[in-house]
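To keep things clear, I will list the structure first and then write my remarks on it.
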Amino acid sequence: MNVLVCVKRVPATGGRILLTEDQREIDTRYLGFTVSPHEECAAEEAVRLVTEHGGSSVVLTLGPPEAEEQLRDAMAIGIDRGILLESGGREWDPVATAAAIVDAIRADEAASGRFDLLLFGNEAADSGDYQVGARVAHVLGLPCVTGIKGLEVRDGRATVRREAPGGGWEVFELPLPALVAVKEGINLPRFPSVPGRLKARKKEVARVRPEWRDGGLRLQRLALPREQEGSVEILGEGPAAAPAVVAVLQRLGLV
Amino acid sequence: MDTVPKQANAVVIGAGIVGNSMAYHLAALGWRDIVLFDKGPLPNPGGSTGHASNFIFLVDHSKEMTAFTVDSANQYKELGVFTESGGVEVARTPERVQELKRRMASAASWGIEPVELLTPAETQKLVPFLNADAILGSFYTPGVGVVDSLRAGTLMRERAEEMGALSVWPNTEILGIDVERGRVAGVRTDRGDVRTQTVVVCCGIWSPRIARMAGASIPLTPAVHQMIDVGPVPQFAATVGEIEFPIVRDVDTNMYERQHGGELEIGSYAHRPILMEADDIPSIEASALSPSELPFTQADFDAQMEDALELMPDILADESVGVKYAINGLLSLTPDGMPILGETPEARGLWAASAIWIKEAPGIARAVAQWMTDGCPEIDPHASDVARFYPHQRTGVHVRARADEGYNKTYGIVHPMEQWASNREIRLSPMNQRERELEAVFFETAGWERPFWYESNRGLLGEFGDRVMPREAEWESRWWSPIINAEHLAMRERVGMVDLSAFAIFDVTGPGALDYLQTVAVNQMDVPEGRVVYTPLLNPAGGVKADLTIMRLGPNEFRVVTGGGSGMSDRKWFADHLPEDGSAQLLDVTSAWTTVGVWGPRARDLVSSISPDDVSNEGFPFASCRWITLGPVRALASRISYVGELGWELYAPFEEGRRLWDTLWEAGREFGVVPVGIGVYATTARLEKGYRAHGNELELEYDLVEAGLARASVKEWEFVGREAYLRRREGEPAARLCTLTIDDPTSSTGVKRYPLGREPILAADGAPIVDAKGRRSFATTAGSGPSVGKHILMAYLPPELASPSTGLQVEYFGERYPVTVAVAGSGALFDPGNERLKS
Amino acid sequence: MTSVLTFVEHDGGTPEKVSLEALTFARALSERMSLPLYALVIGADGAVASDALGAYGVAEVHVATDDRLDPYAPRAWAASAATLMDAGAPAVVVGPGSERGAEVMAHLAARAGLPLAANCTHVEPGDPFVVTRQRWGGSLLEVAELEAPVALLTVAPHAVQPEPATGPGAASCREFRPTLDEADLIVRVAGRLEPERGAVSLSEARVVVGGGRGVGSADGFAELEELAELLGGTVGVSRVVTSLGWRPHTDQVGQTGTRIAPDLYVACGISGAIQHMVGAKGAKHLLAINTDREAPIMAKAEWAVVGDLHAVVSAVNAEIRRVRGS
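For the record, the sequence lines run as chains A, C and P. Heads up: the first sequence runs through residues 1 to 255, numbered per this note's numbering. Heads up: the second sequence runs through residues 256 to 1094, numbered per this note's numbering. Heads up: the third sequence runs through residues 1095 to 1420, numbered per this note's numbering.
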């Protein structure tokens, strides 16, 4: 089966997020870059599916030229090739992002054949829009489920599950091709091996420059929420604190 | 927020391994009311200690770094945080195989045992996951190990606290350091201010920033060292604890691999140097991990991964072993690769303990604490002295250029004479243009470009034939030319001109000048005007701090001349001892004077041909100085010599230097004058004469008696170190400095080999020689003696071996060569009666 | 009539708390825009919610009724909202920032070809709307323009407290049949599974009891093991503990060990070095037990006990057994 996974380059933030002077971006001078944990799991899932069922995997991102690093990270754990949609230094809202991804998928499918499964992260770590996958699915006419923490493919169908509101799991059955947005916890993503890293250097990355469009949601500026400092609650000192600890455990439903 | 103590005897800034060790050693030496600050939390405040690989390889070519490392390893052992794993340095190239033999020699010189050269198969037996086909051999040190540096720091803090000596303040930011009349007065923090006269900067990569608060400079640059951690490694699954297999230094690829529990840690010094500014290090809050763990830049590491894969395929080709952690860790680089220690010249009471690695930190802290307490560190730290830097060496351009160049030498094969390529031509003598015309090959000292030899003298090679002692082996031919020895012979037969502009020169004046110099210098300074005095300077323990010459130019006027290499730290020594009452002044006039040495049997002929003054032996005797006319130039002539020949040092105004050179040059033709480089001045001529050099023979760890510089009587004046010196004159010294010659330099393969210095001197049976104070014998200097036709070594030997004709051995590149003591104690191999000098 | 329409999730007619938050948020907006507040509920039993919603200021409750809406089918639910939108032309559609709320609103936005602002904490109506929304899971706020014929947004969970309207209110209740096509019904809950039981791995454990150097020895882990067992969790350790050989390397939590994401992490005698915390940052709640009140872990914890971990943990174990026994 052929699997596409979409990821987004985001800064690996530290203890405190700092903004640039114009307040439109995070100050990333001292930060590395990564993808959100959901997307790491999506890439891992893609590798596992292709290992199990054969076929090939592609990783796609919309971002700056440096986002090649995130494509190589995915290729280092076993994704076969990459597509980099260059964002041209602009902020792309979910409507514009989805449209660019749709165009890229259609173009790639025209050249290399259909994807059986499109994997997205549930939401991007930075912008948290919760919608790009659904938009892509809608335009491509694909069935779609978000918030997935379990995925099995058999006989052209995907059985997926996600946490049910009251505990336990709810299960969905999807005919392929389909799109699912996965959540951290679906698997334990592997770390890239040294040979994986070295192989990733030689894998193909296609670069495309999609046209930016105005999707209607326009970032004006970023702001830091008021800090909640010193929020630690001291339950007590020594063994005398035990009842207070147990009260907390009870509140959490553990006792 | 709690507020800090109002008063402290010492403030230590930085709670990494260095700061914790400092606090502990100060406490152990009796200091109380010590305050330790760190901006970060404990036990890991976020500096380099927190991400260090924490391993300790014992052998270094530097004597002082090895000594610091050995002391540190012992301290870690005593703290119970040392795990011995053994370590191998593997060779991938034939050059490295030779270098490992040199490491064996350094191990013997500094007393590191046991050590062993291993075959690839033997290496693989110790490190089963290593690919034996990738290497040609290895150097094995069983005593190598890893330490828990954070735990060590905690234990040292706790010990100092138990002594009631220390209060510890994490999460406290330093806002300023107050300096009043040149001395530290206090430290300002965000938790209040502390009055103190002593501050130790143990801030690693942040040191420049903190020192600047007191107007001082600690010239280092933060630089990236890449590290990755891979796992889980199946081969380590059964390991209980941190480490089971020896640490591997893959030195030819500038990498290391070491087990850390279930993972393998791979570090690299191979990538492009990535330097930062201390001000650009992120804050604790802005850091993803810690301020000294920056985001990994994968592209810089790709090539290293291939090297590591080749060496350890059993682990790294396993696709289940993943890269779990990868950082660009920050460490400190200095312009010369040495740490930065001691009191800063800019602010009294402001001490530096910076650019220090885990492996040497507790040992260095002990030495600095001793230095702070009574001025007498047991291990001589002069090569690391913060006062060693000239102003130009403190510039960002210099620091970055040398750090950039030095980074990839971290595991390099560095020739003892290897020259820096970057940021050269900073200090040029007025003769520089003439020297270029004479095709000088320039070596650098303290920023000065000094001719080491002149290619224009190549014609002399034919004249002297085999007397120039040609070298066959590439290693000792590197950074060397037989022309040096030809210049030597020409000078001894005719006359040579030496550019000595690199001297550091200080004028001491004022009504208290004599008393002041009497206090600083060992030898009698109450001499007639026009006399030149050679004198050592001692520290209070009687160790040799410096040796230099002082001219008495008037009743209250003296001129101190010392080597360029030690000029800045000597200047601080003089400045520190100035009388409080202002009765003597010290003025650095280095840049006002240029110096040309004119020496050789025809030196008087040359000088008298252009001077109307009386330069006869009677009119201008040895060890005197006066102003003379030389053609159109007036110069202060000083009749002394470091090469053992008749002649003068001629001090002229800097701007007249070229004219002086030209005048001597023109007049000298008639007498066969040759330009002579520093190769002769600093090595060959001095060795033949048995003259001692600071940093080679002279250092704090040896005294004047041992060095053969003790005179028949000791002056009455209470000079620094006198008491200790008198004590050391009683009874037999533990060692005596001797001059040795190689009997036969022919190696087992029939090649003549010539040691370059620092090699171990062994007994006739090959056993190491250890003196009563536990010090090993090694070649303090080695070089050609063209006039005596022998390769000469100097070495301290125990008294029972310090007698002429004693047969010993020197180890060089794995072979042993017979040597014989030629001169025991002071005395010269060439012209022992000093007839030439005094003719 | 134009309105502020709010999608309300309910459980058998009881509105979910996050939906009441969204409703409170939407009511304030409707008042500022002088528009009535409408609610969309899915399923016939949603009509039961009318009274409760009326108290929150809802004027009309629109109940989508179609057997095919149960069990949950995200696109069909979105189609229900679309049907209402087509019929009533609301000015704003508000959804809760719950998992289903986010999913339904995303499908609605995709179907309608409209932008959607997720996880809003504040809205200034106007042309365009100016929204303040959460990024980075709430660590950062974004101020953005939302320009659309109908403003779609979800409300960040816990950004507002649910608050009934001040005046007495009664909502009228209208049922409607949404327009559903085949494609809307492909994806629907096909079954349910009970949560798994049994031995828990470190990475999946709901409770992790962590031990650091402060535990003191290999034997010192007995109380921690006991606490973990009482809470149905497992023990994890900092790197130094494995380096000292007290526990196997597989127990290590952190940068170079296992990444954990439990509901509760109990950190005992762990200083809180960043390398360890990176592996534990997935924990929803953190309880620290440490002798040092200044240890970095204390600043990161939600709850803390100052004291010797052995004494504290055994007292907690005893207290749990006492509470359970009674």
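In this text, a Cβ means the ideal position worked out from N, Cα and C, and glycines have one as well. Keep in mind that this is a model prediction, so the values were computed, not measured.
For the C-beta of C:S575, not a single chain P residue is nearer than 9 Å; the gap to the nearest is close to 14 Å.
Residues of chain C with a Cβ closer than 9 Å to the Cβ of A:S193 are, in chain order, V485, L571, A572, D573, E574, S575, V576, G577 and V578.
Taken through DSSP and simplified to helix, strand or coil, C:E704 comes out as strand.
For the stretch 1351-1373 of chain P, residues whose beta-carbon sits nearer than 9 Å to a beta-carbon of chain C comprise G1351, S1365, G1366, A1367, I1368, Q1369 and V1372. Taking 8 Å as the CB threshold, A:L217 lines the interface with chain P.
From the listed residues P:H1104, P:A1116 and P:G1263, the smallest Cα separation to P:N1213 is found for P:A1116.
A residue is called buried when at least 16 other Cβ atoms come within 10 angstroms of its Cβ; C:P546 meets this threshold and is buried.
Annotation: the stretch 1299-1364 of chain P contains the following complete segments of the beta strand (DSSP E) (minimum length 3 residues), in chain order: 1301-1305, 1328-1331 and 1358-1362. Residue-level contact check: C:P296 touches chain P, since one or more beta carbons of chain P fall below 8 Å from its beta carbon.
Taken in chain order, the unbroken stretches of beta strand (DSSP E) that lie wholly in the stretch 148-200 of chain A and span 3 residues or more are 150-154, 157-163, 169-175 and 178-182.
Pairing A:V246 with P:V1417 gives a Cβ-Cβ distance under 8 Å. Counting other Cβ atoms within 10 Å of its Cβ, C:V1006 stays below 16 and is therefore classed as exposed. Around the beta carbon of P:H1252, fewer than 16 other beta carbons sit within 10 angstroms, so the residue counts as exposed. A direct Cα-to-Cα measurement between P:A1277 and P:L1163 gives close to 13 Å. For a Cβ distance threshold of 9 Å, nothing in chain C lies close to A:R226: the least Cβ distance comes to about 16 Å. With the rule of 3 Cβ pairs closer than 8 Å, the stretch 554-564 of chain C does not count as touching the stretch 590-604 of chain C.
Annotated three-state conformation of C:C993 is strand, per DSSP. When the five nearest sequence neighbours on each side are left out, the beta carbons in the same chain lying within less than 8 Å of the beta carbon of C:I289 are those of A263, N264, A265, V266, V267, A278, L281, A282, A415, A420, L421 and S422, in order along the chain. Contact fails between the stretch 706-726 of chain C and the stretch 991-999 of chain C, because fewer than three Cβ pairs, one in each stretch, are under 8 Å apart.
When Cβ-Cβ separations below 8 Å define contact, P:H1404 makes no contact with chain C. In this structure, DSSP gives C:G459 a helical state, which the three-state scheme calls helix. Between the stretch 1134-1151 of chain P and the stretch 1167-1178 of chain P there are three or more C-beta pairs closer than 8 Å, enough to call the two in contact.
Within chain A, V194, R197 and L198 have C-beta atoms less than 7 Å from the C-beta of C:M560, given in sequence order. With a cutoff of 8 Å on beta-carbon distance, C:G604 and C:P795 are scored as not near each other. Proximity to P:V1157 across P:V1102, P:Q1346 and P:V1254 peaks at P:V1102, based on C-alpha coordinates. One alpha carbon belongs to C:A1034, the other to C:A979, and they sit about 26 Å apart. Per DSSP, the beta bridge partners of C:I432 are C:V442. Around P:G1327, no beta-carbon contact reaches into chain C at under 8 Å, the shortest distance being about 22 Å. Just so you know, the alpha carbons of C:S575 and C:P487 end up roughly 8 Å apart. Taking a Cβ-Cβ cut-off of 8 Å, the neighbours of C:P425 in chain P comprise E1388, given in sequence order.
Pairing A:I186 with A:K149, the inter-Cα distance amounts to about 4 Å. C:R722 and C:K1045 have their C-alpha atoms some 10 Å from each other. The three-state reading of DSSP puts C:Y524 in coil, since its state is none of H, G, I, E or B.
For P:V1112, no beta strand (DSSP E) encloses it; the enclosing alpha helix (DSSP H) starts and ends at K1111 to M1127.
Counting along the chain, the unbroken beta strand (DSSP E) around C:G577 starts and ends at G577 to L588. Setting aside the 5 residues that flank it on each side, C:D403 is surrounded in the same chain by V336, each with a C-beta closer than 6 Å to its C-beta; the list follows chain order.
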